[in-house]
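One structure below.
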Amino acid sequence: MENILADPVVLELIGSAAVILLMVGVAAILGFRIAARLDEDELKRLAAAEGAWVQDFVIAPDKRRALARLTDGKLMIARVMGLDTSIRIVAPGAVRLKLRPGRLELAFADIGYPPLHMRLKDQPAWLAELASGGN
Amino acid sequence: MANPLDPPFDIPPIITYAVPGFVLLIIIEMIVVRLTKKGRYDFADSATSLSMGFGNRVFGVLFGGLAIAAYYWVYQFRLFDLGWTIPVMVACFFAEDLAYYWFHRIAHERRWFWASHIIHHSSQHYNLTTALRQTWTGTLGLSFIFWLPLVYIGFPPLMVLMFSAISLVYQFWIHTETIGRMGPLEWVMNTPSHHRVHHATNPKYLDANYAGVLIIWDRLFGTFVAEDDKEQIHYGIISQLGTFNPLRVAFHEWIGMFRDVRNAKSFREVLGYTFGPPGWSPDGSRKTSASIKRAWAERQQQQPSAIAAE
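Taken in sequence, the protein lines are chains A and B.
Note that the working numbering has the first sequence beginning at 1, numbered continuously upward.
Note that the working numbering has the second sequence beginning at 1, numbered continuously upward.
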């Protein structure tokens, strides 16, 4: 253990990790933890920015995730990323959708995009139809 | 007698020495953003960026020797014996910056290199922590090949490495929204304004301002775009990641590329998925920078006629 700590590279890495914790701590203290929230207007705005229109939607109770069906049949997934929102518009065939009681799980063909897990207050008919393979 | 090919001075660990400055400037920028609301910080985003910087250092320790070994191997076949003189160092500074420009441009235009570089662009924020959101796979992805011509010409490998490190340190401070325009410096230097354009996803800003230290290369090769105060910048990548998980950030494009290659139906498709522009697909169904810019230009042309019709 002593020998490892005498290695300047290991020391540098330990120091770097400590400094990262310090900076993240300062960011937290300064209040940079405010997250965006999703609502119907925001979903419509996000879709419009991509030249699309929202037909149906569900928003998680914490307002940090949402799934919308667009008028052209595609799906729009929205997630809060800090102050920003990240969206993806995909064809229904590019997602695997599982509907459980009070919960929705989506996995994507694009593995770069993490699966979406969200709670649901209610399950609209269009979502059940989508989960069963209908459009 | 000293070998003229050896450096006449001890080269300090430039990046290591710069780290305390990085930390101080990040904390100052956080405070400025808090007080002035100019620029944006997010706790989770910054934690991811800093973790990526840490991972970059770890991968550098593990694999950095590969690039250095390649430099010295090519240096055996050098065309000229360029020693450590002032004129050679000045020439090396410009040559390194030119090599960086082409590395950076191709890293945006070819998916193989983009798979490593995308990491740096994956934040939807733009602040000094974004500068530290660095690749883990750059050396393994052979990014260093763009500097091999310099050592082949005869610039000593340590000189090239020294100017690469200086370039990296220079590029740290330009990742900020807290600094506006910088007067005549904008003509020759890469500045925060120029680099904000480079990090933007707005169609008019895509594939622009690849400079490292000097913006002259973009002006020379036709990739310069000035920041437009009327256009609000959106940062990140075309398909925003939707995750703060460092492992996904580091490897998602590589995995996507290998998956595409595995499903390719011909050798042409393999080449297209690997060395084509990011977003290339055989049927053109995915978005590339070129297709996004084309669609944007068409919309721009339609808008004035629509206004005139009204």
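A virtual CB, placed ideally from N, CA and C, is assigned to each residue, including glycine.
8 Å Cβ cutoff, residue 281/B in contact with chain A: Here residue 281/B refers to the residue found at position 281 when the second sequence is read from its first residue. False, the Cβ-Cβ gap to chain A never drops below 8 Å.
The segment 131–146 of chain B in contact with the segment 47–55 of chain B per 3-pair CB rule at 8 Å: yes
Contact belief for residue 35/A with residue 54/A at Cβ below 8 Å, rounded distance in angstroms: Against the first sequence, residue 35/A aligns to sequence position 35. Against the first sequence, residue 54/A aligns to sequence position 54. That pair is no contact at about 22 Å.
Whether residue 197/B touches residue 208/B by CB criterion (8 Å): For this step, residue 197/B is matched to residue 197 along the second sequence. For this step, residue 208/B is matched to residue 208 along the second sequence. Contact flag set, yes.
Buried or exposed (CB count within 10 angstroms, at least 16 for buried), residue 214/B: Mapped onto the second sequence, residue 214/B falls at position 214. That one is buried.
Short CB-CB distance (under 8 Å) between residue 95/A and chain B: Taking the first sequence and counting its residues from 1, one reaches residue 95/A at position 95. Judged by the 8 Å Cβ criterion, residue 95/A is not in contact with chain B.
Cβ of residue 37/A within 8 Å of any chain B Cβ: Taking the first residue of the first sequence as 1, we reach residue 37/A at position 37. It does not; no Cβ of chain B falls within 8 Å.
Coil, strand or helix - residue 204/B by DSSP: Residue mapping note: residue 204/B aligns to position 204 of the second sequence, counting from 1. Helix.
Residue 106/A, enclosing beta strand (DSSP E) - first and last residue: Locating residue 106/A in the first sequence gives position 106, where the first residue counts as 1. Looking at the DSSP string, the run of the beta strand (DSSP E) that includes residue 106/A is 103–108.
Pick from 245/B, 82/B, 239/B, 177/B that is closest to residue 158/B, judged by C-alpha positions: Counting from one through the second sequence, the residue named residue 158/B turns up at place 158. Comparing Cα positions, the closest option is 82/B.
Against chain A: residues of the segment 237–265 of chain B by CB proximity under 8 Å: 239, 240, 241, 242, 243, 244, 245, 248, 252, 253, 255, 256, 259
Amino acids of chain A, ordered along the chain, whose beta-carbon sits closer than 8 Å to that of residue 23/B: Taking the first residue of the second sequence as position 1, residue 23/B is located at position 23. 19, 22, 23, listed in chain order.
N-terminal and C-terminal residue of the alpha helix (DSSP H) that residue 43/B is part of: Here residue 43/B is taken as the residue at index 43 of the second sequence, counted from 1. Start and end: 43–75.
Interface partners of residue 46/B on chain A, CB under 8 Å: Here residue 46/B refers to the residue found at position 46 of the second sequence. Correct list: 23, 24, 27, 32.
Alpha-carbon to alpha-carbon, residue 77/A and residue 91/A: Against the first sequence, residue 91/A aligns to sequence position 91. Against the first sequence, residue 77/A aligns to sequence position 77. If you take the alpha carbons of residue 91/A and residue 77/A, they lie about 11 Å apart.
Residues in the segment 102–125 of chain A having any Cβ partner in chain B nearer than 7 Å: 110, 111, 112, 113, 114
CB contact flag (residue 155/B, residue 92/B, <8 Å): Counting from 1 along the second sequence, the entry for residue 155/B is found at position 155. Counting from 1 along the second sequence, the entry for residue 92/B is found at position 92. In this structure, residue 92/B lies closer than 8 Å to residue 155/B by Cβ.
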